[in-house]
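Number 784 marks the last residue of the sequence shown (the working numbering); no jumps.
By construction, the Cβ of each residue, glycine as well, lies at the ideal position given by its N, Cα and C atoms.
Because the structure is a prediction, the values reported are computed rather than measured.
Worksheet: the structure to be examined is printed underneath.
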Amino acid sequence: MSVIPISELNDRARDVFRLVVESYLGTGLPVGSRTISKMASLSLSPASIRNVMQDLEELGLLAAPHTSAGRMPTETGLRLFVDGMMQAAEPSIEERRAIEAGITENGPIEEALSAATATLSGLSACAGIVMVPKREPVLRQFGFVPLNARQALAVLVGQDGSVENRVLDLPDGVSPVMLNEAANFMSARFVGLTLREAGEALGREMEADRGALDRAARDLVERGIATWSHDADDRPVLIVRGQSRLLDESIAADLERARQLLEQLEGKQEIMDLLRGALAGSATKIFIGSENKLFSLSGSSVIAAPYRGADGRVVGVVGVIGPTRLNYARVIPMVDFTAQTLSRLMR
Numbered sequence: 438m439s440v441i442p443i444s445e446l447n448d449r450a451r452d453v454f455r456l457v458v459e460s461y462l463g464t465g466l467p468v469g470s471r472t473i474s475k476m477a478s479l480s481l482s483p484a485s486i487r488n489v490m491q492d493l494e495e496l497g498l499l500a501a502p503h504t505s506a507g508r509m510p511t512e513t514g515l516r517l518f519v520d521g522m523m524q525a526a527e528p529s530i531e532e533r534r535a536i537e538a539g540i541t542e543n544g545p546i547e548e549a550l551s552a553a554t555a556t557l558s559g560l561s562a563c564a565g566i567v568m569v570p571k572r573e574p575v576l577r578q579f580g581f582v583p584l585n586a587r588q589a590l591a592v593l594v595g596q597d598g599s600v601e602n603r604v605l606d607l608p609d610g611v612s613p614v615m616l617n618e619a620a621n622f623m624s625a626r627f628v629g630l631t632l633r634e635a636g637e638a639l640g641r642e643m644e645a646d647r648g649a650l651d652r653a654a655r656d657l658v659e660r661g662i663a664t665w666s667h668d669a670d671d672r673p674v675l676i677v678r679g680q681s682r683l684l685d686e687s688i689a690a691d692l693e694r695a696r697q698l699l700e701q702l703e704g705k706q707e708i709m710d711l712l713r714g715a716l717a718g719s720a721t722k723i724f725i726g727s728e729n730k731l732f733s734l735s736g737s738s739v740i741a742a743p744y745r746g747a748d749g750r751v752v753g754v755v756g757v758i759g760p761t762r763l764n765y766a767r768v769i770p771m772v773d774f775t776a777q778t779l780s781r782l783m784r
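Below, the structure is given as structure tokens:
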């Protein structure tokens, strides 16, 4: 069902609808007409409020989980509330300070992104997620550690202090001496270059001086560069923090829904595909429940905001995964502020 324009609701319907949604988001419980009549001066009797709630249910904005349990917003109703009625609350000074304190310029960017995600998770009581920008480390050192006759551990050290390891299948005839020779060759010629630049430089080196390395060592160098370059291009980098915060009492009581949610969080490639939808825009995006196929079964919502690199282009996405019943008015600005803070860090 498409979302009706907010303008099609009269003042009475808007007031009742807003109170039902705000109460539900605060308690997670269906709201009855008597409760609504006591929480605001609507000058409406419980019977009148019941009639309005019935009309809202027929519009697809409210639903009754049980015959006498009161009403709760549908996903369509939540979308209408978020887009047309919600009054966002700016992050408090304490929340801003907590987010900024976790995002420092010292150390690798992944550490800052991980800290930002953990802080966002704690403040929002959701799982925090961040898509790490693809980057090509500037190389400082290469090394090869023999594991057995057919494999070696290739070690790459970046100038930012990062260390990455890959298990590499060895070509025939490679000895420990050749491993050392290949590592020295790579360190001497490729320090200060990115992986892409190192690959291009390797091609020129081999063309200009084919005698610099014997055939086996040359094959080893080429495999090392190719392995890292291919991995950097294809590997999705996603940081997820605070998954346990999603297992509140309501979902823990539903073991199947809890299992589905945890499986969805393990499927990082699928989450990456979802977040790529936020890369194309310049504003925070909200996916409520079944609006995204990934979390439709567990009934979860995603709030995601893009952050930018030094050149102003979008390089990643930060956000939260939480229940559809979350405090959108508080969490949306919090995610947006975190994205802005990361953008300042990346400049």
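Own chain, CB closer than 7 angstroms to A682, minus 5 neighbours either side, in chain order: Position check: residue 682 holds Arg in this sequence, whereas Ala was assumed. Within the same chain, R682 has close Cβ partners S558, A562, C563, A564.
Since D492 sits in a beta bridge, which residues does DSSP pair it with? Paired residue(s): none; D492 is not in a bridge.
Neighbourhood of G580 by C-beta distance below 6 angstroms, restricted to the same chain and skipping five residues each side: V592, A620
Buried versus exposed call for S474 [16 or more other C-beta atoms within 10 Å across all chains shown]: buried
Are the CB atoms of G539 and S556 within a distance shorter than 7 angstroms? According to the sequence provided, residue 556 is Thr. The question's Ser does not apply to it. Yes.
Compare the C-alpha of G507 against each of G759, Q701, S719, I486 and name the closest. I486
Quick check on the DSSP output: the alpha helix (DSSP H) that includes G539 runs from which residue to which? 530-539
To which residues does DSSP link Q578 through a beta bridge? V594
Counting Cβ pairs closer than 8 angstroms, one from the segment 459-475 and one from the segment 758-766, do we hit at least three? yes
From this set, R451, A741, G595, which residue's C-alpha is nearest A776's C-alpha? A741
Going by C-alpha to C-alpha distance, which of S444, Q596, S470 sits closest to A632? The sequence as given places Leu at residue 632; Ala does not occur at that position. When only C-alpha atoms are compared, the closest one is Q596.
Quick one: residues in its chain with C-beta nearer than 7 angstroms to the C-beta of E537, no 5 flanking neighbours on either side, listed in chain order? T778
Beta-ladder partner(s) of D606, from DSSP: Q588
Run the CB neighbour count on A773, radius 10 Å, all protein chains shown included, and call it buried at 16 or more, exposed below. The displayed chain sequence assigns Asp, not Ala, to residue 773. Label assigned to D773: buried.
For M522, name the three-state secondary structure that DSSP assigns. coil
Once the 5 residues before and after M438 are set aside, which same chain residues still bring their CB inside 7 angstroms of it? Low per-residue confidence applies at M438: pLDDT is 49, beneath 50, and the placement is therefore not dependable enough to give any value.
Cβ of L675 within 7 angstroms of Cβ of M623? no
Tell me whether G714 sits in a helix, a strand or coil according to DSSP, three-state version. helix
Consult DSSP for P502 and reduce its assignment to one of helix, strand or coil. coil
Name the one or two DSSP bridge partners that P510 has. L499
Could you say which of V757, P608, I769 lies nearest to R587 if we only look at CA atoms? P608
I need the DSSP call for K802, collapsed to helix, strand or coil. In this structure the chain extends from 438 to 784, so residue 802 is not present and cannot be described.
Host alpha helix (DSSP H) of A549 (start-end): 546-561
Go ahead and pull the three-state DSSP assignment for D441. Contrary to the premise, residue 441 reads as Ile rather than Asp in this sequence. It is coil, neither helix nor strand.
For D656, which residues of its own chain have a beta-carbon under 7 angstroms away from its beta-carbon, when the five flanking residues on both sides are left out? P608
Mark E637 as exposed unless 16 or more other C-beta atoms lie within 10 angstroms of its C-beta, in which case mark it buried. exposed
Which residues bound the alpha helix (DSSP H) around V458? 448-464
What are the boundary residues of the alpha helix (DSSP H) that includes P613? 613-627
Would you kindly report the start and end of the unbroken beta strand (DSSP E) that includes V768? Premise fails: V768 lies in the alpha helix (DSSP H), 765-783, not in any beta strand (DSSP E).
Could you check the C-alpha separation between L702 and K722 for me, to the nearest Å? 19 angstroms
Sequence-distant residues of its chain with Cβ nearer than 6 angstroms to G736 (five each side left out): G726, T761
Drop a sphere of 10 angstroms on the beta-carbon of I530, count the other beta-carbons inside from all chains shown, and report buried for 16 or more, exposed for fewer. exposed
Are L731 and L711 closer than 7 angstroms when you measure CB to CB? yes
F724 - containing beta strand (DSSP E), residue span: 722-724
Could you tell me the alpha carbon to alpha carbon distance between P613 and P583, rounded to whole angstroms? 7 angstroms
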